[in-house]
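Written out below as structure tokens is the structure these notes cover.
Numbering (mature numbering (1 follows the signal peptide of the UniProt record, and there is no 0)), first residue to last: -23 to -1, 1 to 439.
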């Protein structure tokens, strides 16, 4: 691909906001737990599950989430998951593959199943085969048959991760975690501080409905680096049209890692460079985007990993000349490859472009090439749709440009260089808001009408 170094002419951006920032929605009090990575995988989560499941939220978030995910699988794969009997049979085959290739994940799934069944024995979705199938929905959704490699997903993910240079040259890391069903997943979200050799190695936002190997990692290793994972559901070298049997063979071999397993290995590294190398090189089952910020000046990058048995990786660093329409101090990742232009009208490009516009406007307002954590929060709390007539390539309802969306579970701003582990394991290490209710997309106001492609920053090739 050809990369152009772009300068942004941001006068129009500085004069007019692209969307309003709504009032911050009400958020949950997020419980903080510790999990010992040196303990047996079959037991390391028991105290967390016992405490959470016997608390006020109980099993309801799990029942609602798994039922919805199983319904989704039935639509995507009617032959394998269309009935309870076929779904159970397929889930049993999946568990056997995980036992062979990913035994820690299989053990964790069975522990979760046992804890849930202890409290609600009659719930079919809590049986280990069905639970394993439900929790693997992203892996299955990415192999769902589609006509072309660039057809948008039927229910688009909407995570937005940003790494951007801050006032002192260190890189800030923003993240909105989006998935569905939003409300029950949010209700299951906790912070987990993972211990190694008795000390906090890293801390993660962890919706308990997903076991570690299938988790959407949003983690901070204090004083070292931070990581978020976004879905990649389209683009070249994806795993679309892989058969169910073909996927089970890959899983059973153990030669390729699931997204949470790759992320966990990266989080076990001691520094940014080693983590980045792991994310770019470890073999993966599914396409993903890994977004990383380091504790050193200017350390930030997006790693695009390809599926379909590809070992390739695209590493797009803060400060590199490969701008792809973004200033060198900023990297915004949604759910589309960074080399897909806004003009292409590709899925998720409007949300990406809107974040770029908001942050470049903030930087231009102070005549700088940096943003503050307040700028990031303002961008992430943007809940007002852009004018319907502004963009010729819009594809409703995804391409509203809104970042705080009805699918947004949580919003975080991470600063790896400014963080340190604390001896009190109940003290949060994450600057996170987990939203209690689904955010609403507001209609365009007068301030956003007519603010479109003709008045956004123009790219100048030099």
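Glycine included, C-beta positions come from ideal geometry on N, C-alpha and C.
None of these values were measured; they are calculated from a predicted model.
(message) Taking its Cβ as the centre, do 16 or more other Cβ atoms sit within 10 Å of residue 265, making it buried, or is it exposed?
(response) Your numbering for residue 265 matches position 288 in the chain shown. Under this definition residue 265 is a buried residue.
(request) For residue 25, name the three-state secondary structure that DSSP assigns. (result) Locating residue 25 in the chain shown gives position 48, counting from the first residue. Note: residue 25 maps to helix in three-state DSSP.
(request) Identify the continuous alpha helix (DSSP H) that holds residue 117 and give its terminal residues. (result) If you number the chain shown from 1, residue 117 lands on position 140. DSSP places residue 117 inside the alpha helix (DSSP H), whose first and last residues are 114 to 118.
(request) Give the DSSP-derived three-state secondary structure of residue 412 in the structure shown. (result) The count along the chain shown starts at 1 and reaches residue 412 at position 435. Looking at residue 412 - three-state DSSP - the assignment turns out to be strand.
(request) Taking only the alpha-carbon atoms, compute the straight-line gap between residue 125 and residue 219 and give it to the nearest angstrom. (result) For the purposes of this step, residue 125 is taken as the residue at position 148 of the chain shown. For the purposes of this step, residue 219 is taken as the residue at position 242 of the chain shown. Note on residue 125: pLDDT 41, under 50, position unreliable in the model; the coordinate value appears next. So the alpha carbons of these two residues sit roughly 13 angstroms apart.
(request) Compute the Euclidean distance between the alpha carbons of residue 268 and residue 184, then round it to the nearest angstrom. (result) The residue given as residue 268 occupies position 291 in the chain shown. The residue given as residue 184 occupies position 207 in the chain shown. When rounded, the distance between both Cα atoms is 19 angstroms.
(message) Comparing C-alpha positions only, which one of 412, 391, 294, 421 sits nearest to residue 167?
(response) Here residue 167 refers to the residue found at position 190 when the chain shown is read from its first residue. The shortest C-alpha separation from residue 167 is found at 412.
(request) For residue 20, count neighbouring C-beta atoms within 10 Å of its own C-beta (all shown protein chains included) and say buried if the count is 16 or more, exposed if not. (result) Counted from its first residue, the chain shown places residue 20 at position 43. In the assembly as shown, residue 20 is an exposed residue. Its beta-carbon has fewer than 16 other beta-carbons within 10 Å.
(request) Can you say whether residue 421 is buried or exposed, counting buried as having 16 or more other CB atoms within 10 angstroms of its CB? (result) Position 444 of the chain shown holds residue 421. Within 10 angstroms of the beta-carbon of residue 421 lie 16 or more other beta-carbons, which makes it buried.
(request) Measure how close the beta-carbons of residue 309 and residue 317 come, nearest whole angstrom, since I'm counting them as under 8 angstroms. (result) Position 332 of the chain shown holds residue 309. Position 340 of the chain shown holds residue 317. About 12 angstroms; that fails the 8 angstroms criterion.
(request) Taking all protein chains shown into account, decide if residue 233 is buried (16 or more other Cβ within 10 angstroms of its Cβ) or exposed. (result) Mapped onto the chain shown, residue 233 falls at position 256. Classification for residue 233: buried.
(message) Within 10 Å of its beta-carbon, does residue 52 have 16 or more other beta-carbons around it, so buried, or fewer, so exposed?
(response) Locating residue 52 in the chain shown gives position 75, counting from the first residue. Under this definition residue 52 is an exposed residue.
(request) Check residue 253 in the structure and name its three-state DSSP category. (result) In the chain shown, the residue the question calls residue 253 occupies position 276. Correct three-state label for residue 253: helix.
(request) Go ahead and pull the three-state DSSP assignment for residue 64. (result) As a position in the chain shown, residue 64 is number 87, starting the count at 1. Taken through DSSP and simplified to helix, strand or coil, residue 64 comes out as helix.
(message) Would residue 200 and residue 393 be called neighbours here (beta carbons separated by less than 9 angstroms)?
(response) Within the chain shown, residue 200 is the residue found at index 223, counting from 1. Within the chain shown, residue 393 is the residue found at index 416, counting from 1. The answer is yes: Cβ separation under 9 angstroms.
(request) Check residue 267 in the structure and name its three-state DSSP category. (result) For this step, residue 267 is matched to residue 290 along the chain shown. Correct three-state label for residue 267: strand.
(message) In the DSSP assignment, the alpha helix (DSSP H) including residue 139 goes from what residue to what residue?
(response) Walking along the chain shown from the start, residue 139 turns up at place 162. It is not in any alpha helix (DSSP H) - residue 139 instead sits in the beta strand (DSSP E) that spans 137 to 142.
(message) Going by DSSP in three states, residue 260 sits in which element: helix, strand or coil?
(response) Numbered from 1 along the chain shown, position 283 holds the residue referred to as residue 260. Coil, per DSSP.
(message) In the DSSP output, which residue or residues are listed as bridge partners for residue 308?
(response) Position 331 of the chain shown, counting from 1, holds the residue named residue 308. Its beta-bridge partners are 140.
(request) Measure the C-alpha to C-alpha separation of residue 143 and residue 222 and round it to an integer number of angstroms. (result) Here residue 143 refers to the residue found at position 166 when the chain shown is read from its first residue. Here residue 222 refers to the residue found at position 245 when the chain shown is read from its first residue. Answer to the nearest angstrom: the Cα atoms are 47 angstroms apart.
(message) I need the straight-line Cα distance from residue 132 to residue 49, nearest angstrom please.
(response) As a first step, residue 132 must be located in the chain shown, where it is residue number 155. As a first step, residue 49 must be located in the chain shown, where it is residue number 72. Residue placement at residue 132 is poorly supported in this model, since its pLDDT is 45, which falls under 50; the coordinates are not used for a value here.
(request) Give the range of the alpha helix (DSSP H) segment to which residue 239 is assigned. (result) Residue numbering aside, residue 239 sits at position 262 when the chain shown is read from its first letter. Segment 236 to 244, the alpha helix (DSSP H) holding residue 239.
(request) Reducing DSSP to helix, strand and coil, say where residue 170 ends up. (result) The residue given as residue 170 occupies position 193 in the chain shown. In this structure, residue 170 counts as strand in the three-state DSSP scheme.
(request) Pull up the CB-CB distance for residue 148 and residue 270, whole angstroms please, since I reckon it's below 8 angstroms. (result) For the purposes of this step, residue 148 is taken as residue 171 along the chain shown, with counting starting at 1. For the purposes of this step, residue 270 is taken as residue 293 along the chain shown, with counting starting at 1. Confirmed, about 4 angstroms.
(request) With DSSP collapsed to three states, give me the class of residue 380. (result) Stepping through the chain shown from its first residue, residue 380 is reached at position 403. Here residue 380 sits in coil by DSSP.
(message) If you measure between the beta carbons of residue 322 and residue 150, is that distance less than 9 angstroms?
(response) Here residue 322 refers to the residue found at position 345 of the chain shown. Here residue 150 refers to the residue found at position 173 of the chain shown. No, they are not a contact pair.
(request) Whole angstroms is fine: what's the gap from residue 84's alpha carbon to residue 145's? (result) The count along the chain shown starts at 1 and reaches residue 84 at position 107. The count along the chain shown starts at 1 and reaches residue 145 at position 168. C-alpha separation (whole angstroms): 45 angstroms.
(request) Please state whether DSSP places residue 324 in a helix, a strand or coil. (result) Position 347 of the chain shown, counted from the start, is the residue given in the question as residue 324. Looking at residue 324 - three-state DSSP - the assignment turns out to be coil, as it is neither helix nor strand.
(message) Give me, in chain order, the residues of the same chain whose beta-carbon lies closer than 8 angstroms to that of residue 231; leave out the 5 immediate sequence neighbours on both sides.
(response) Here the question's residue 231 lines up with position 254 in the chain shown. Closer than 8 angstroms at Cβ, skipping near neighbours: 77, 78, 79.
(request) Whole angstroms is fine: what's the gap from residue 236's alpha carbon to residue 205's? (result) Here residue 236 corresponds to residue number 259 of the chain shown, with the count starting at 1. Here residue 205 corresponds to residue number 228 of the chain shown, with the count starting at 1. If you take the alpha carbons of residue 236 and residue 205, they lie about 11 angstroms apart.
(request) Throw me the rounded Cβ distance for the residue 108 and residue 86 pair, which I believe falls under 8 angstroms. (result) Residue mapping note: residue 108 aligns to position 131 of the chain shown, counting from 1. Residue mapping note: residue 86 aligns to position 109 of the chain shown, counting from 1. So it is a contact: roughly 6 angstroms between Cβ atoms.
(message) Is the beta carbon of residue 106 closer than 9 angstroms to that of residue 68?
(response) Working through the chain shown from its first residue, we reach residue 68 at position 91. Working through the chain shown from its first residue, we reach residue 106 at position 129. Their beta carbons are under 9 angstroms apart, which means residue 68 touches residue 106 by this criterion.
(message) Looking at residue 378: is its Cβ nearer than 9 angstroms to the Cβ of residue 328?
(response) Here residue 378 is taken as the residue at index 401 of the chain shown, counted from 1. Here residue 328 is taken as the residue at index 351 of the chain shown, counted from 1. Closer than 9 angstroms, so yes.
(message) Quick check on residue 279: does DSSP put it in helix, strand or coil?
(response) If you number the chain shown from 1, residue 279 lands on position 302. Strand, per DSSP.
(message) Short of 6 angstroms in beta carbon distance, which residues of its chain neighbour residue 152, apart from the five on each side in sequence? Order them along the chain.
(response) Within the chain shown, residue 152 is the residue found at index 175, counting from 1. The answer, listed in chain order, is 138, 195, 205, 389.
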